[in-house]
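Undergrad: In this note's numbering, the protein residues as written are 39 to 255.
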Amino acid sequence: MLILLPLYPILEGERGAHSGLIVQLAFAVLIALGVWAAAGGPWLLAIGLVLAIPAVILNFVSVQYAGTEVFDAGFGLLFFLFATGSLIRVVVLGRINHHDFVKGGIAIYLLIGLTFMHVYRIIDAINPNAFAFAQGQERGGNWADYLYFSFVTLTTLGYGDIQPVGRFAQSVSITEAIIGPLFIAIFIAALLHYRMQSSEIDRGLCSETRSRQGDDD
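(1) For a minimum of 3 consecutive residues, which ranges assigned as the beta strand (DSSP E) are wholly contained in the region 197-237?
(2) Under 7 Å Cβ to Cβ from proline 92, same chain only, skipping five residues before and after it: list those, please.
(3) Rounded to whole angstroms, what is the Cα-Cα separation between alanine 170 and valine 129?
(4) Would you identify the three-state DSSP class for alanine 145, choosing helix, strand or coil?
(5) Determine, using beta-carbon pairs with one atom in the region 140-155 and one in the region 116-125, whether at least three such pairs fall under 8 Å.
(6) Excluding the 5 residues preceding and the 5 following glutamate 214 in the sequence, name in chain order all residues of the same chain whose CB lies nearer than 6 Å to its CB.
(7) Residues in the same chain with beta-carbon distance under 7 Å from phenylalanine 187, minus the five sequence neighbours each way, listed in chain order, please.
(8) Exposed or buried, isoleucine 150, counting other C-beta atoms within 10 Å across all chains shown (16 or more means buried)?
(9) Three-state secondary structure (DSSP) at alanine 182?
(10) Looking at C-alpha atoms only, which residue of Asn97, Phe221, Asn165 is the closest neighbour of tryptophan 336?
(11) Measure how close the beta-carbons of isoleucine 11 and isoleucine 146 come, nearest whole angstrom, since I'm counting them as under 8 Å.
(12) Measure the CB-CB distance between proline 202 and alanine 227 and report whether it falls below 8 Å.
(13) Using a 10 Å radius around the Cβ and a threshold of 16 neighbouring Cβ atoms, would you call isoleucine 224 buried or exposed?
(14) Using only alpha-carbon positions, find the residue among Thr122, Ala207, Ala172, His136 that is nearest to leucine 229.
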């Protein structure tokens, strides 16, 4: 995901409208495989594909039929909610090592941005006046615009070139802006707690090993 995020404007700008779908399809495949690998079973992969395949198909259809954007964004939202929830479940409840914990936290953070992107797309499809674009900037209103806006909001950069003016759009933007720093704070605290627990377990094992060696002597 970290590699694909910088590529989407290049693909979209040089290869036309459908090229952005290549990036989204790659996202869907990578996330579905990631959920399957983390969960250790095929069922979550099957559910992810059931949600992802209609989203990708509707994304192609929405290019030709303007009235299908809300369904396209809706299936995308369901898929990314599923992927985010699955990874949270694995990271929080699963017994994983330190490196997987870090990678899982990074993936969840990126998935949060992708999930809110689809929420903004739904808002735009229902109310085209919910977002205001800066003067001189061509109003796109496509997934690339809201991918950019979502991560700018999640990281609390707030460039101001895209602004939520509708009440519901403002409410969702505030929610994402709160979740972004809050997630980082909770993740760092959980990582430190994880490290402290691992150190205590290692010290306990060392003490137990030494006591057994003393008994043997």
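A virtual CB, placed ideally from N, CA and C, is assigned to each residue, including glycine. For clarity, every value in this text was computed on a predicted model and none was experimentally measured.
TA: With the given structure in hand:
(1) Every beta strand (DSSP E) stretch that sits fully inside the region 197-237 and reaches 3 residues is listed by chain position as 200-202.
(2) So the qualifying residues of the chain are Phe113.
(3) Spanning the two alpha carbons is a distance of roughly 37 Å.
(4) When DSSP states are grouped into helix, strand and coil, alanine 145 belongs to the helix group.
(5) Touching, yes, given that three or more Cβ pairs across the two stretches are closer than 8 Å.
(6) Cβ contact annotation for glutamate 214 (same chain, cutoff 6 Å, sequence separation greater than five): Phe154, Thr191, Leu192, in chain order.
(7) The beta carbon of phenylalanine 187 lies closer than 7 Å to those of Tyr158, Ile200 in the same chain, with the five residues before and after it left out.
(8) Here isoleucine 150 is buried, its C-beta having at least 16 other C-beta atoms within 10 Å.
(9) Judged by DSSP in its simplified three-state form, alanine 182 adopts helix.
(10) Past the boundaries of the shown model lies residue 336; the chain is included only from 39 to 255, so the question cannot be answered.
(11) No answer is possible for residue 11: the residues shown for the chain start at 39 and end at 255.
(12) Inclusion of proline 202 and alanine 227 in the CB contact set at 8 Å is not warranted, their separation being larger than that value.
(13) Isoleucine 224 sits exposed, since fewer than 16 C-beta atoms from the chains shown fall within 10 Å of its C-beta.
(14) With distances taken between CA atoms, leucine 229 lies nearest to His136 out of Thr122, Ala207, Ala172, His136.
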